[in-house]
Amino acid sequence: MNDLDDRLAALNPVRAEDVRHAAASADAARLLHRILNQPAGSPPPRRAYRSRWTARGWIAAAAAAVVIAALAATLPGAGRHANAPAGVAGFQGGPSVGVAGNAVQLVDYAARSAALAPAFVPGPRDWTYFETYFGPTATNGPGDVGTSQTWQQVGTLGNASSWDHGTITYGVGGGPGAQLNGWPGLNFTTLYQYLASLPAQPGALRKIILANNNGDPAAAFTAIEDLFGNFAMPARLQAELYAVLVSLPGVSFAQQAVDAAGRAGVGLYIVHDGFIQAGVNKTRKVTEVEGVVVNARTYVYMGTWLIAVRGQLSPGTLLAHPGSGTIVESAAILNSGIVSQPGQVPAANGSRS
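Written as structure tokens, this is what we have:
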């Protein structure tokens, strides 16, 4: 076994030979190299920064924090930005380096910005926070449209939730991210530790994500999308996952997109077969566009769509005009971050608007 195999053996449920097979089947290295090195128009001048794909010290620190949870009382404020209110840290992105107008710029700018972002490491007793707007779809009712607030404690099964800013309910077990598609055998209590074992270089990361999803690009796309919507992640991991998304066969860039809350951005999407309800106990096979919306200036993930194509409309236009298709899933992340207890909310910093 090589060094990567050794580090993954304890935590990754995929066999090493499966990882190598998935990589070989999609010539990942050549494709990713071409994407990351082709000219990107006239980008802004580069700023001095460390290597684009630095080792993930922020996630290693998070994993260590989970392991030493008993010492949490001696680590007040661990992982929070110095200027943030005590106990609260919203998404910590870096400065904008330009407006992304194509997939190459999105990956490049997100990586350059992330290299300048402050540390974003949750402490062992912190809680991840998500505020998500769920928009109307072809199958949900009026009561299913609204805003969900969720809190999940790092490294435990403790969770809390609220609908449309109402009463907070508490629970143990489950919670957002308890089981994530495409991340086999994991739950929220071990996710930080698992991510700490993954390589920071996106080519190697791509091999593992494809292997975990049986080499299926559409399943890998969904796995990354689920991670975006359930895990309060640092900007560096976000940028690395954009690189993986862009390198997947069949993934395209949409220069115009809106999220479920009506905010403008750019999109990455993949087209695949799907099924929608067509009556009682009946389904109908359709062509679906699955997409993520990203802020073109701050590079922050904004939300997701799953839209069934209707008529002869080009799939690439559906992220800008989702109502032209049949909306199957619709969600927009309004806020996310790390807090010290349920009920706390990070201050909105405008990175998603």
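Each residue of the sequence shown is one higher than the last, beginning at 1022 in my numbering. Glycine included, C-beta positions come from ideal geometry on N, C-alpha and C.
Checking contacts by CB at 8 Å: is R1331 closer than that to chain D? Among the chains in the structure shown there is no chain D, since it carries only a single protein chain.
Start and end of the alpha helix (DSSP H) containing A1131? 1124-1135
Tell me the DSSP secondary structure of A1329 in three-state form. DSSP places A1329 within a strand segment (E or B) once states are collapsed to three.
So what does E1311 bridge to, in DSSP terms? I1291, L1327
Bridge partner(s) assigned by DSSP for T1171: F1151, S1182
N1234 burial status per 10 Å Cβ neighbour count (16 or more: buried): buried
Taking the alpha-carbon positions, what's the Y1154 to I1297 distance? 22 Å
For G1236, which three-state DSSP category applies? Three-state DSSP puts G1236 in coil, outside helix and strand.
R1305 (DSSP reduced to helix, strand or coil): strand
Which ranges would you report for the beta strand (DSSP E) in the segment 1219-1288 if only whole runs of at least 3 residues count? 1273-1279
CB contact flag (V1265, L1289, <8 Å): No. Outside cutoff.
Considering only their Cβ atoms, is the gap separating D1185 from T1384 smaller than 8 Å? Examination of residue 1384 is not possible in this model, given that the chain is present from 1022 through 1374 alone.
Going straight from the alpha carbon of Q1174 to that of L1262, what length do you get? 24 Å
Just grab the DSSP bridge partners of V1360 for me. V1109, W1148
Assuming contact is defined by CB atoms lying nearer than 8 Å, are I1359 and T1158 in contact in what I supplied? no
Assigned exposure category for I1230 - 16 Cβ within 10 Å defines buried: buried
Shortest alpha-carbon distance to G1114 belongs to which of S1335, L1339, T1319, G1271? T1319
At what residues does the alpha helix (DSSP H) containing Y1320 begin and finish? It is not in any alpha helix (DSSP H) - Y1320 carries neither H nor E in the DSSP assignment.
Could you check the C-alpha separation between Y1213 and A1260 for me, to the nearest Å? 17 Å
Rank A1256, I1189, P1205 by C-alpha distance to the C-alpha of V1315 and give the top, closest one. Minimum Cα distance to V1315 is reached at A1256.
Leaving out five residues before and five after A1241 in sequence, what residues of the same chain have Cβ atoms less than 7 Å from its Cβ? G1203, I1230, L1231, N1234, L1269
Just the Cα atoms here: how many angstroms apart are G1192 and Q1170? 14 Å
With DSSP collapsed to three states, give me the class of T1190. Here T1190 sits in strand by DSSP.
Measuring CB to CB, does A1352 end up less than 8 Å from I1291? no
Decide if G1283 is buried, meaning its Cβ has at least 16 other Cβ atoms within 10 Å, or exposed. exposed
Whose C-alpha, out of Y1215, G1194, A1317, T1304, is nearest the C-alpha of N1123? A1317
For P1145 and T1338, the rounded distance between their alpha carbons: Each residue's alpha carbon lies about 43 Å from the other.
So, under 8 Å CB-CB, N1251 and L1219 are touching, yes? Tell me the CB distance rounded to an integer number of Å. Not confirmed; about 16 Å, so no contact.
State the DSSP-derived secondary structure class of T1347, mapped to helix, strand or coil. strand
Whole-angstrom Cβ separation of G1324 and D1280, contact assumed at under 8 Å? 4 Å
Would you list the one or two residues that DSSP bridges to A1159? For A1159, which the question treats as bridged, DSSP gives no partner whatsoever.
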